[in-house]
Amino acid sequence: MLKFCNVDFKYDNDLKPLIEDLNFHVNKGEFVSIIGPSGCGKSTIFRLICSLEKAFGGDVFVNGSNINKLKGYIGYMPQKDLLIPWRTISQNASLPMEVGGKTSKEAKKKAEEYLDVFGLDKYKDKYPKDLSGGMKQRVSFIRTLLTGSELMLLDEPFSALDAITKISMQEWLLTQWSTLKKTIVFITHDVEEALFLSNRIFVVSEKPITKLKEVTVPIGYPRNRHMLNKTEILNIKEELVNELKQRIEL
Numbered sequence: 001m002l003k004f005c006n007v008d009f010k011y012d013n014d015l016k017p018l019i020e021d022l023n024f025h026v027n028k029g030e031f032v033s034i035i036g037p038s039g040c041g042k043s044t045i046f047r048l049i050c051s052l053e054k055a056f057g058g059d060v061f062v063n064g065s066n067i068n069k070l071k072g073y074i075g076y077m078p079q080k081d082l083l084i085p086w087r088t089i090s091q092n093a094s095l096p097m098e099v100g101g102k103t104s105k106e107a108k109k110k111a112e113e114y115l116d117v118f119g120l121d122k123y124k125d126k127y128p129k130d131l132s133g134g135m136k137q138r139v140s141f142i143r144t145l146l147t148g149s150e151l152m153l154l155d156e157p158f159s160a161l162d163a164i165t166k167i168s169m170q171e172w173l174l175t176q177w178s179t180l181k182k183t184i185v186f187i188t189h190d191v192e193e194a195l196f197l198s199n200r201i202f203v204v205s206e207k208p209i210t211k212l213k214e215v216t217v218p219i220g221y222p223r224n225r226h227m228l229n230k231t232e233i234l235n236i237k238e239e240l241v242n243e244l245k246q247r248i249e250l
């Protein structure tokens, strides 16, 4: 589904590359998390996938197509919901389809079908200011889903939520992923969140990024939080936390 082949990248004002000869892949239908300290380049990886930045060397492939020749959208959900305050919830959700050429009527009808499925139908005519943080993130997820992409990039979507809402949204997201069969790449600082959600975890452990350390999460789906108390999961959590602490200290 997603493949980085010998990718090099640096920002114009930087003397040294941020990414150098990077190779990794994500299989169709996987849930993969990327973890690492702030400023390590996690979000830059997403920007390369979305063609918001261009690699200086190497190639990025999505579903077998070079990202520079890809027709269609990548589903990208940023940290902030970025809902447009003067558009209703259904109008916000329908935006990707309008951009893609659907009429406002067609887009609104499809968006409202999804709002109904995700339990937000009664809020369709409300505005973002009328919704809680968790509800806004659900709308943002629906909007990302309605890009039609099989690949969804979620960049710390729950980082601004309170602890209880965050747990609820993690469980909600797992349910949607198992139902929709999408491929999800998820950026987070939260090791426990990554362990709860992911098939595999990629750790940004060096700068420049020349490789991603890969950790396979040894529990199946469906999941519950009691599984996080297994000895092997606790050991992995401790190892990952210690590694991230070392990265921050460097």
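Residue numbering for the sequence shown is 1 to 250, as defined by UniProt numbering. Heads up, the beta-carbon is just placed ideally off N, CA and C, and yes, glycines get one too.
Residue 246 versus residue 156: straight-line alpha-carbon distance, rounded = If I take the Cα positions, the gap works out to 21 Å.
query = Expressed to the nearest angstrom, what Euclidean distance is found between the alpha-carbon atoms of residue 235 and residue 115?
reply = 40 Å
query = Rounded to a whole number of angstroms, what is the C-alpha to C-alpha distance between residue 137 and residue 154?
reply = 11 Å
key: CA-to-CA distance, residue 84 to residue 111, given in whole angstroms   = 15 Å
query = Hey, out of 15, 28, 22, 8, whose CA is closest to residue 1's CA?
reply = 28
request  = Would you mind stating whether residue 212 and residue 24 have Cβ atoms separated by less than 8 Å?
outcome  = yes
task = Report the residue ranges of all alpha helix (DSSP H) runs contained in full by the region 124-161; include only those spanning at least 4 residues, in chain order.
result = 133-145
message = By the DSSP assignment, the beta strand (DSSP E) with residue 4 in it spans what residues?
response = 2-9
inquiry  = My parser needs the beta strand (DSSP E) runs of 3 or more residues fully inside the region 177-201; what are they?
reply    = 183-188
inquiry  = So, at 7 Å on beta carbons, what are the nonlocal neighbours of residue 228 in its own chain, with the 5 sequence-adjacent residues on each side left out?
reply    = Result list for residue 228: 192, 195, 196, in chain order.
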